[in-house]
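Asker: Would you mind keeping the following structure in view while I ask a few things?
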Amino acid sequence: MRIIFLILSAIIICSCHGQQSGHKAIDQSKYFKKARPIWAKGRETEMNLTLGFRGVFKVDKVASPVLKITGSTLYRVSVNGKYLGYGPARASHGYYRIDEYDLSPYLKKGDNVVAVEVTGYNVNSYYVLDQPSFLQAEISNGEKVILATGIEENVPGTGRSRGIEAVELDGRVQKVRRYSMQRPFIEYYRLEEDFDHWKTLPASLDKVELAVYPEKKLLYRNLELPDFNITRPKEVIHHGTIGWEKPKKYHKKHLGKFTEGFPEEKLTVTPTLTMQEMVTQTLEKLHDADIPKQLEANEFYTLDFGTNLSGFIGSRIVCTEPSTIYFTFDEILLNGEVKPKERMPNINNVIGYELEPGTYDLESFEAYTFRFLKMTVVKGSCQVQDAYIREYAYPEHKAIAFKSSDTGLNKIFEASKQTFRQNSVDLFMDCPSRERAGWLCDSRFMSIVEKEFTGKDDIAYNYYENYALYTPFENLPEGMIPMVYPADNRNGNFIPNWALWFVIQVREYADRGGDPELVQQLKPRVMGILDYFARFENEDGLLENLKGWKFVEWSEANKFVNGVNYPTNALYSKALLAASELYDEPEPGGKAEKIIRAVRKQSFNGKFFVDNAVRDKEGNLRPTSNISEVGQYYAFFFDLATPESYPELWGKLTTEFGPDRDDKAVYPNVFKANAFIGNYLRMEILYRYGLSDQMLKEMKGYFLNMANLTGTLWEHMDTHASCNHGFASYLGHLLYQGALGIQQIDYLKKEVTLRFDKTSLNTCEGAIPVGNERIYLRWEKSGNRLNYSLELPEEYTVKVRNPGRFEIAELE
C-alpha cells in the first residue's frame, strides 16, 4: 500500500475572522470605527418596513476598501448597481453577526454608490428573530473611514458627508399576508420604471428622518459568504391561458393567537387569494429553451430549472401598458401543473408585481425554493426577456468527489450535495422553503455532513454558539431548550426528544475536534437538560409522561408516546452516556445502564419491541400492543439491541422490511417508518452491521426517485411537504462509508479507517475535504481482487479493515 500526501491550497477565502475568534461578542467600537446602528426615527418596531440606505463616495486610489455590515432583519447590498451580498447570518437574541465584503472589484473612478435595502419584519417566526430594525455599516480602507451609518461628518474639500442617508421603499407593499406560519411576509410590489434608480444615481432622495439606536452585541460571521450563482431555466415547458373562478373554499392561514402579522381587514392586497381564483383553460406542452416570451392578459408560461434550487427569483420584464404579473412556483408539478396551494396549502408561493409601462430588472428580496416557475400576466401585456434564480447556498467545496459504477448512487450523492448546500447557508436548516429554521435533530445529521462536505465545523460552531448564548425563554420549563433556534416560539411548545438529541450532537461535535472552549460553555445547557428529565424518571428509571410535543418520527409512532415511550427512553440512554463521557460525570452513565436493562425487559414482547407502556387502573405499568417499524430501529441505533442479542428480530428486519415491504400484507401490525427519521436510521444500522450492499440497494429503493424528480431529498416519502430537507443530505455520509469505504475519520487522532465490504459496485472513487487538504480514495474490483489508491493529509495514518476478504493490492 502506498499513501500519497497531498496538500491543497485554500480553495475559498473566508470573508471573516477565524473560528477561534468567533465565540465571543465583540466591542462594536473596536470593530466599527465610527458606524452606529440607525433606522427611521420612531419606526424601529414597525412591521414589514423596507428602507433603502445609500452612500456616495469618490474613489481615486483606494487599495482595498472593505464593507462591514450587519442589521435587522435582513439586508441586500449593491455597489454601483452590481449585486454584492445578502445577510446577515443569524445569531442568538440580542446578538448580530457582521459580514465583510471586499469592494475592490466593484468600484470605478469618480463617484461610487453603495445601496443597502433593509426590511425589518418585527414579527415572530422560526426563520428570523423579532428584534427592532436597524442597519450598521461602514466602508473603510485601512484606518480611514470612507462611509458609515450614524455620522454626519463632512469629507474635507468635497462637500460630501461620510454619512449614509435613507429613503422609504414603499414600492414593496407593506400590509400583506405572511408567507407561512414559520416565515414572515410575502412580497408584492407596485413599481414605476425608475423604482431602483436610487441605487445608482447620486441624486437627491426623499429622505426619511433617521435616528441612532443603542449599541448592539456583535459577533463575527465565522462562515464563508454564500454562493450567489445565477442559474437560468433549462426550458419552457408550458404555455397556457387562465380563466377566473372563485373556489368553494379559499386556502388561507389566519393569524392565530401566537402568529403575528396584519389582520385580514387591513391587508392592502391579497395575491394569495387571487392565485387560487386562476383556473387553467388551455395548456400547451413545450420543450422550448428560448426566452423572451410575450404574455398577454390571462396567459402564462411555466419554466423548468431542471432541479430544485433555493434563492432569489429574478427577471427582466418589459411592459407597454400598466400590467400585473404573478410569479408562482413549486418544487414539483401537481397533476402536471404548478399548484403550490393545492400541494402545501399553508405556504404562499407567490410574488406579485404591478408595473407601469417600462423596462424592469426585478429580483425577489426573499429566498425561495422551487424547480418550476409559473409567470402569469393577469392584467396588461408583458414581455419576459429574462428569468433566473440567484442561488443562496453554501459554497460547494471543490475537493468533494464521489463517483461509483452505479449511476443511481451517483445521482443520490449529487442530491445530497444540493440538499446540504441549500440548507446550510448560515445554519443547519430543516428546509429552505416553508421554514428555513434551525431545528435540533435535523442538525445532528447535517453537522456530520458539514465536516465531510466542507472540511470544517464552522456552521456547527455557530449553531451551538447560538445555544450557548441563548437566554432561557420564560415560556419554557427550567432546563429545557428551544426545539428550533434562533426562533421566536410564542406558544411555549417544545420537543423534549430534541433536547436529548442536542446532548448527543454536542458530544459528536467534540469528537470531531470541535472547539473545546465552546464545548465547555455548553456544559450548563447539557446538565440542565438532564436535570429537567430527571423529574420524569419513574421507579424503573424510565421517562414517563413527558410534557411537550413528544416526537419520535413522522409516522404512526408519534401516536404511541403516552406513558413510557420506549424509543424516547432509548434516546435518553444515549444522551446520558454522551454527557457522562463528554464531561466525565459518572452518574448519568449509571442511569443509562439502568434504562437499557429496563427497556430490554419491558419493551420486547418476544417478536418486536413495543412502543409504549401505560398504567392500568391499579397503577401498574403495562406494555401496549403498539408496534412501529421505527421503534425497532431506535433499539438497534441506540445499542439496546444488536444482531447477536436479537437474531430473530434482526433477521425479520433485514429480510422482510425495507422499501418494498407491503405493510398491508407483511406485518400489518407494525406501522411503517417514514423518511424522517426511521429510514435513515435503517440505512445507518445496515451499514453498522456489515450489510453495505443491502444498504446501497435499499437507498436507491427509498431515495432515487427523489433525486430524479427534484435533484434534492425530501422530508417524507411522499411529496405533500418539503422536497428539500437538510437532514436528508446525510445520505452523502452513508455513501462515503458504504460505497467508497471510508468508515471513520478520527480528527483528533488523525486516523482514517477504511472498511472494504462486499458490494455490487465494481469501481468507486471519492474525496473528503479535511481543512484545506483532502482524503482521496479510489478502488476497482476484479473478482476477489481489490486494488486501491489513497491520498491522506500530512500527519494522518490509515487502518484498513477487510470484512469482504478481498485480495488487496496497490492501484498503480
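If you're matching positions, the sequence shown starts at 1 in our numbering and goes up one per residue. For each residue, glycine too, the CB sits at the ideal point set by N, CA and C.
Got a sec, what are the start and stop residues for the beta strand (DSSP E) TRP554 sits in?
Answerer: As a working note, residue 554 is residue 554 in the sequence shown. First-last for TRP554: undefined, no H or E at that position.
Asker: Shortest alpha-carbon distance to ASN708 belongs to which of TYR83, GLN418, THR50, GLU765?
Answerer: Within the sequence shown, numbered from 1, the residue matching residue 708 stands at position 708. Residue GLN418 is the option with its Cα nearest to ASN708.
Asker: So within the stretch 405-450, which uninterrupted alpha helix (DSSP H) runs reach at least 4 residues, ignoring any that extend past its ends?
Answerer: 407-422
Asker: Would you say the beta carbon of LYS58 comes nearer than 7 Å to a heavy atom of the ligand NAD?
Answerer: You won't find the ligand NAD in this model; it holds no ligand whatsoever.
Asker: Taking the alpha-carbon of ILE237 as reference, which of ASP194, TRP198, ILE291 has the nearest alpha-carbon?
Answerer: Mapped onto the sequence shown, residue 237 falls at position 237. That would be ILE291, whose Cα lies nearest to the Cα of ILE237.
Asker: Using DSSP's beta-bridge definition, name the partner residues of GLY120.
Answerer: Taking the first residue of the sequence shown as position 1, residue 120 is located at position 120. Beta-bridge partners of GLY120 (DSSP): LEU49.
Asker: Would you mind stating whether LYS175 and ASP111 have Cβ atoms separated by less than 8 Å?
Answerer: Counting from one through the sequence shown, the residue named residue 175 turns up at place 175. Counting from one through the sequence shown, the residue named residue 111 turns up at place 111. Taking 8 Å as the Cβ cut-off, LYS175 and ASP111 do not qualify as a contacting pair.
Asker: Which same chain residues, not among the five before or five after SER364, have their C-beta less than 7 Å away from its C-beta?
Answerer: Within the sequence shown, residue 364 is the residue found at index 364, counting from 1. Here the set comprises GLU187, PHE312, ILE313, ILE351.
Asker: Below 8 Å on the Cβ atoms is my guess for ALA468 versus MET480; work out the distance and round it to an integer in Å.
Answerer: Along the sequence shown, one-based indexing puts residue 468 at 468. Along the sequence shown, one-based indexing puts residue 480 at 480. Actually they are not in contact, since the Cβ atoms of ALA468 and MET480 sit about 16 Å apart, beyond 8 Å.
Asker: Does the Cβ-Cβ distance between ASN823 and TYR106 come in under 8 Å?
Answerer: The requested residue 823 does not occur in the structure, where the chain is confined to residues 1 to 812.
Asker: Helix, strand or coil for TYR702 per DSSP?
Answerer: Taking the sequence shown and counting its residues from 1, one reaches residue 702 at position 702. Three-state result, TYR702: helix.
Asker: So, at 6 Å on beta carbons, what are the nonlocal neighbours of ASN814 in its own chain, with the 5 sequence-adjacent residues on each side left out?
Answerer: For residue 814 there is no data in the structure shown, the boundaries of the chain being 1 and 812.
Asker: Short check: CB of SER692 to CB of VAL630, under 8 Å?
Answerer: Locating residue 692 in the sequence shown gives position 692, counting from the first residue. Locating residue 630 in the sequence shown gives position 630, counting from the first residue. Against a cut-off of 8 Å, the Cβ pair of VAL630 and SER692 comes out as no contact.
Asker: Under 8 Å by Cβ, that's how I've got ASP330 and VAL318 pegged, so tell me the actual separation to the nearest angstrom.
Answerer: As a first step, residue 330 must be located in the sequence shown, where it is residue number 330. As a first step, residue 318 must be located in the sequence shown, where it is residue number 318. At roughly 26 Å, the Cβ-Cβ gap does not stay under 8 Å, so ASP330 and VAL318 are not in contact.
Asker: Which same chain residues, not among the five before or five after LEU653, have their C-beta less than 7 Å away from its C-beta?
Answerer: On the sequence shown, residue 653 is found 653 positions in, with the first residue counted as 1. If we look at LEU653 and ignore the five residues flanking it on each side, its Cβ neighbours are GLN632.
Asker: Would you call the stretch 559-575 and the stretch 481-501 in contact, with 3 or more CB pairs under 8 Å?
Answerer: With the rule of 3 Cβ pairs closer than 8 Å, the stretch 559-575 counts as touching the stretch 481-501.
Asker: In its own chain, which residues sit with a C-beta less than 7 Å from the C-beta of PHE806, not counting the 5 before and 5 after it?
Answerer: Here residue 806 refers to the residue found at position 806 of the sequence shown. If the five residues before and after PHE806 are omitted, its C-beta is found closer than 7 Å to the C-beta atoms of PHE756, ASN784, ARG785, LEU786, all from its own chain and listed in chain order.
Asker: Express the C-alpha separation of ILE459 and LEU522 in angstroms, rounding to a whole number.
Answerer: Here residue 522 refers to the residue found at position 522 when the sequence shown is read from its first residue. Here residue 459 refers to the residue found at position 459 when the sequence shown is read from its first residue. Each residue's Cα considered, the two are about 16 Å apart.
Asker: Roughly how many angstroms separate the alpha carbons of THR359 and LYS68, rounded to a whole number?
Answerer: If you number the sequence shown from 1, residue 359 lands on position 359. If you number the sequence shown from 1, residue 68 lands on position 68. Spanning the two alpha carbons is a distance of roughly 33 Å.
Asker: Determine the direct distance from the alpha carbon of ARG183 to that of ASN491, and round the result to whole angstroms.
Answerer: Translated into the one-based positions of the sequence shown, residue 491 becomes position 491. Translated into the one-based positions of the sequence shown, residue 183 becomes position 183. One C-alpha to the other measures close to 16 Å.
Asker: Give me the Cβ distance between TYR687 and GLN737, rounded to the nearest whole Å; I'm assuming they're in contact under 8 Å.
Answerer: For the purposes of this step, residue 687 is taken as the residue at position 687 of the sequence shown. For the purposes of this step, residue 737 is taken as the residue at position 737 of the sequence shown. Correct: roughly 6 Å between the Cβ atoms.
Asker: Excluding sequence positions up to five away, which residues of its chain have a Cβ less than 6 Å from the Cβ of LYS411?
Answerer: The sequence position of residue 411 within the sequence shown is 411, counting from 1. Excluding five sequence positions before and after LYS411, the CB atoms of its chain that fall closer than 6 Å to its own CB belong to ALA707, given in chain order.
Asker: I'd like to confirm the pairing. Which residues does DSSP put opposite ARG615 in its beta bridges?
Answerer: For the purposes of this step, residue 615 is taken as the residue at position 615 of the sequence shown. Beta-bridge pairing links ARG615 to LEU621.
Asker: With a threshold of 16 other CB atoms inside 10 Å of the CB of ARG2, please say whether the residue is buried or exposed.
Answerer: In the sequence shown, counting from the first residue as 1, residue 2 sits at position 2. Annotation note: pLDDT 33 at ARG2 (below 50); position unreliable, coordinate value reported separately. The residue in question, ARG2, is exposed, as its Cβ has fewer than 16 Cβ neighbours within 10 Å.
Asker: Would you call VAL378 buried or exposed, if buried means 16 or more other Cβ atoms sit within 10 Å of its Cβ?
Answerer: Residue mapping note: residue 378 aligns to position 378 of the sequence shown, counting from 1. The residue is buried, with at least 16 neighbouring Cβ atoms inside 10 Å.
Asker: Give me whichever residues DSSP pairs with TRP779 in a beta bridge.
Answerer: For the purposes of this step, residue 779 is taken as the residue at position 779 of the sequence shown. DSSP, once it has assigned bridges, lists CYS764, TYR788 as partnering TRP779.
Asker: Does DSSP put THR302 in a helix, a strand or coil?
Answerer: Taking the sequence shown and counting its residues from 1, one reaches residue 302 at position 302. Three-state result, THR302: strand.
Asker: In this structure, does DSSP put ILE351 in helix, strand or coil?
Answerer: Position 351 of the sequence shown, counting from 1, holds the residue named residue 351. Correct three-state label for ILE351: strand.
Asker: Please name the residue, chosen from GLU478, ASP540, VAL484, that lies closest to TYR532 on a Cα-to-Cα basis.
Answerer: As a first step, residue 532 must be located in the sequence shown, where it is residue number 532. Residue nearest to TYR532 within the set GLU478, ASP540, VAL484 is GLU478 (criterion: CA-CA distance).
Asker: Give the secondary structure of ARG2 by DSSP, where H, G and I count as helix, E and B as strand, and everything else as coil.
Answerer: Locating residue 2 in the sequence shown gives position 2, where the first residue counts as 1. Because the pLDDT of ARG2 is 33, which lies under 50, any placement of that residue in the model is unreliable, and the question is left without a value.
Asker: Within its chain, find whatever has a CB closer than 6 Å to the CB of LYS61; leave out the 5 residues flanking it on each side and keep chain order.
Answerer: Taking the sequence shown and counting its residues from 1, the one referred to as residue 61 is at position 61. Cβ within range, chain order: n/a, list empty.
Asker: Starting from TRP501, follow the alpha helix (DSSP H) in both directions and report where the run begins and ends.
Answerer: On the sequence shown, position 501 is the one that residue 501 refers to. Start and end: 496-511.
Asker: Buried or exposed: which applies to HIS197, given that a residue is buried once 16 or more other Cβ atoms fall within 10 Å of its Cβ?
Answerer: As a position in the sequence shown, residue 197 is number 197, starting the count at 1. Exposed.
Asker: The beta strand (DSSP E) that contains GLN294, what's its start and end?
Answerer: Start at 1 with the first residue of the sequence shown, and residue 294 comes out as number 294. From DSSP, the beta strand (DSSP E) with GLN294 extends over 293-296.
Asker: Can you say whether TRP847 is buried or exposed, counting buried as having 16 or more other CB atoms within 10 angstroms of its CB?
Answerer: For residue 847 there is no data in the structure shown, the boundaries of the chain being 1 and 812.
Asker: On the criterion of 16 or more Cβ atoms from any shown chain inside 10 Å, does TYR250 qualify as buried, or is it exposed?
Answerer: Reading the sequence shown from its first residue, position 250 is the one you call residue 250. It is exposed - the Cβ of TYR250 has fewer than 16 other Cβ atoms within 10 Å.
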